[in-house]
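In what follows, a single structure is set out as structure tokens and then discussed.
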């Protein structure tokens, strides 16, 4: 039976083997220890009651059942509400559109291989893209509302910066991964920066850019549903009003409408992306 | 005594699909090195996968080690599979894991899920793995990742993994067709040597007839799911080969 | 629009040569038609944009409230400056923001295990039930904005960091689980076959044959999501879920515009920190 100690037994060759050898094992355990400490420290520091967490799930169910059910569907079947939905959609695509228009030069300047000047333009464009991305869309909305007052204009501007931040990084990466052959050929013929961009780079990134544009619309729409929360137009304002009035059944209905709209927009963008892929 | 007895085995992938195996019968005895030859598409791979039920046969019986393979429940199937070592055409190693972990994965059938979670294999298994790695000539590559090795070395890891199982039978699914001729011969020689030493019968599915006649003592020739030849290697001749490979333009 | 014309032009060439008859005319007609179609489509889009600009920007805006460009510049100018006194009050909220992001990502990752497992077509335990369930989880998580999630959790567990952590955890599930499930659907099946052949249990197959293949993708997605979560946790305070957002809200309400700028700078700094960490981790692990 004991085949494992079989004929191969050769004591001289026996070597010790450990999964973690000295220096590596130290790093490995160290990383785990740090991760563990951060988590425990966070739980302590933020006073997360782990023991009550499961009870909270039950409570969540109760609250959902008692307050948010049934959703007040009639409330959102209103002409008025529909107007706000249309506004939200408009804000989203205007924001995405303007954002994409800004993205093109920003991404061009922020791509390491195509930037006109690596010393000045590149870091500035990078910084611009990064700050657009770093500041959350709601903060942009609040800032624009405080400067321009309530309305959809600040919403569109907030979504513009948000879309720029989102798309610029992706697009710059796309430009950085192009084949430089045609670009060099263009340069050799004495084309200027703009001509190189239009004839050497754009044909290569066109499809990718369309994909990014569709994706940008998708995320812009999600963001558009809440910028109104801070006074920048669209259905977010409706949400805020009902939250403040603790009209929870209406809030539930609004959230459901948001989910439905997002699913629709996702389906459309998935379809659009497929069409673009086919063109490729 | 027969370790494995296959009788009237039929298999198809889907209810409406073509029948891949049309009534195959053979017996593998202790110390056999049994070759399955035949043109590609003859059903060699399907046949070998039916033995440990990676492919479910549609009818027929397989008796392995006194067990009726086709009637085993889930648990019985696990028990069956851990008694049958398998070596694959494309090695089927876990590329991102070390050679050692790949070899140890041969013991998974004997290891509880909890031990698996922490990859805490018993010392005995680790020692066994080191011995096997020494034998297949990879003792200096224990901690390398599997994808850093050459093809021949990877197949050696595959051999060690299969032997880790203490198998009662080895299934070899074209073990050498991803390797160049010289390495193929080395790998086959190694498998045969180890199999004889450990007294494990092998069922080997092989494309290269020369290798089959050189290493195997019995041959079954398939063509389009039907047995064309079955018998000891000595009875094999050009004429019968011609029949088996009739479909293929030689 | 140019692309559209080109491709449909190509298609028409293909189909007509196949028919082998009346070639040139047909091509010309089809080209013309597709050019007209795309032309009409672009005009339609342009009209849509103009209409939206008219509705949203021109009509809806209170131009008198904005006044002249000077007024706008003046309003913007208020924000330029840094409130140094606020510095000492920022450390604790900044740390809180960072920790909420870490913990939210961590809990999100735990929630992802079932979501990714059920949501990957090839390993989902019982396709008719578990697969749609997981897809529903992912869609809910991704379609509801973090602000809305936070509002909901504030209602459930009260004001404070806890609500923020839960909001972020729930919000992270969708993206991580979706990417992970996609990675699982693209795996190489050969190791799976090998582990099944040695008699591995379903758990062992997942842990030994699937997980090692998708781990690098999971790590990079998680780090990416963590980076985004810092951004999110920085604003959850706006609805009462702790962190820098709360400070931001207070500065805004007391019209301390320099303070607002300071908080935004603080957010930028921790996000830069997060980006540096994520760059480093991804460099190392892949």
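Residue numbers (the numbering used here), protein chains in the order written: chain P, 1 to 280; chain W, 1 to 250; chain L, 1 to 286.
All C-beta atoms in this analysis are idealised placements derived from N, C-alpha and C, irrespective of residue type, glycine included.
- Item | the segment 225-243 of chain W touching the segment 103-121 of chain W, judged by at least three CB pairs closer than 8 Å | The segment 225-243 of chain W, when compared against the segment 103-121 of chain W, does not touch it at the 8 Å Cβ threshold.
- Would you list, in chain order, the members of the segment 239-268 of chain L that have their beta-carbon closer than 8 Å to a beta-carbon of chain W? Here the close residues number zero.
- Message: Short of 7 Å in beta carbon distance, which residues of its chain neighbour residue 216(P), apart from the five on each side in sequence? Order them along the chain.
- Response: Answer for residue 216(P): 96, 99, 100, 163, 166, 167, listed in chain order.
- Item | Simplified DSSP state of residue 227(W), which is helix, strand or coil | strand
- Item | Interface residues of chain L facing residue 156(P) [CB-CB closer than 8 Å] | Correct list: 56, 57.
- Message: Under 8 Å, with one C-beta from each stretch per pair, do the segment 77-96 of chain P and the segment 123-135 of chain P reach the 3-pair mark?
- Response: No, the segment 77-96 of chain P does not touch the segment 123-135 of chain P.
- Item | residue 86(W) - partner residues in DSSP beta bridges | 171(W)
- Query: Whose C-beta lies closer than 6 Å to the C-beta of residue 136(W) among residues of the same chain, with five residues either side of it excluded?
  - Reply: 156, 159, 160
- Item | Buried or exposed (CB count within 10 angstroms, at least 16 for buried), residue 198(P) | exposed
- Query: For residue 72(W), which residues of its own chain have a beta-carbon under 7 Å away from its beta-carbon, when the five flanking residues on both sides are left out?
  - Reply: 80
- Query: For a contact meaning CB atoms closer than 8 Å, what does residue 193(L) contact in chain W?
  - Reply: Within chain W, the C-beta atoms nearer than 8 Å to that of residue 193(L) come from 54, 88, 92, in chain order.
- Query: How would you write the range of the alpha helix (DSSP H) that residue 109(P) sits in, first residue to last?
  - Reply: 79-109
- Item | Closest Cα partner of residue 178(P) within the set 205(P), 134(P), 40(P) | 205(P)
- So is the beta-carbon of residue 78(P) under 7 Å away from any non-hydrogen atom of the ligand FMN? This structure lacks the ligand FMN, and indeed carries no ligand of any kind.
- Task: Indicate the three-state DSSP secondary structure (helix, strand or coil) for residue 12(P) in the structure shown.
- Result: Annotation note: pLDDT 43 at residue 12(P) (below 50); position unreliable, no value reported.
- Item | Identified DSSP bridge partners for residue 21(W) | 11(W)
- Which residues in the same chain have their Cβ closer than 6 Å to the Cβ of residue 183(W), if we skip the five residues on either side of it in sequence? 152
- DSSP-derived helix/strand/coil call for residue 65(W): coil
- Output yes or no for whether 8 Å exceeds the beta carbon distance between residue 204(W) and residue 88(W). no
- Hey, residue 145(L) and residue 226(P): beta-carbon distance below 8 Å or not? yes
- According to DSSP, what are the bridge partners of residue 2(W)? 29(W)
- For residue 209(P), name the three-state secondary structure that DSSP assigns. Looking at residue 209(P) - three-state DSSP - the assignment turns out to be helix.
- Alpha carbon to alpha carbon, how far is residue 156(P) from residue 48(L)? Give it in angstroms, no decimals. Cα to Cα, the separation comes out at about 15 Å.
- Query: What residues from the segment 129-152 of chain L come within 9 Å of chain P, judged by C-beta to C-beta, listed N to C?
  - Reply: From the segment 129-152 of chain L, only 139, 140, 142, 143, 144, 145, 146, 147, 148, 151, 152 have a Cβ closer than 9 Å to chain P.
- Message: Could you check whether the Cβ of residue 186(L) sits closer than 8 Å to any Cβ belonging to chain P?
- Response: Not closer than 8 Å to any Cβ of chain P, the Cβ of residue 186(L) fails to qualify, so no.
- Message: Is there a Cβ of chain L sitting closer than 8 Å to that of residue 230(W), yes or no?
- Response: No, residue 230(W) lies away from the interface with chain L (no Cβ there is under 8 Å from its Cβ).
- Skipping 5 residues on each side, what residues in its chain have a beta carbon closer than 8 Å to that of residue 283(L)? none
- Quick one: does residue 278(L) have its CB under 8 Å from some CB of chain P? no
- Query: Taking residue 277(L) as the reference, which of 126(L), 225(L), 248(L), 157(L) has the closest Cα?
  - Reply: Looking from the CA of residue 277(L), the closest CA among 126(L), 225(L), 248(L), 157(L) belongs to 225(L).
- Task: Find out if the Cβ-Cβ distance for the pair residue 50(W), residue 62(W) is shorter than 8 Å.
- Result: yes
- Task: Answer with yes or no whether the minimum CB distance from residue 17(P) to chain W is below 8 Å.
- Result: Yes, contact with chain W.
- Using the beta-carbon of each residue, which ones in chain P are nearer than 9 Å to residue 105(L)? What residue 105(L) touches in chain P: nothing, since even the nearest Cβ is about 10 Å away.
- Item | chain L contact residues for residue 97(W), given Cβ-Cβ distances below 7 Å | 212
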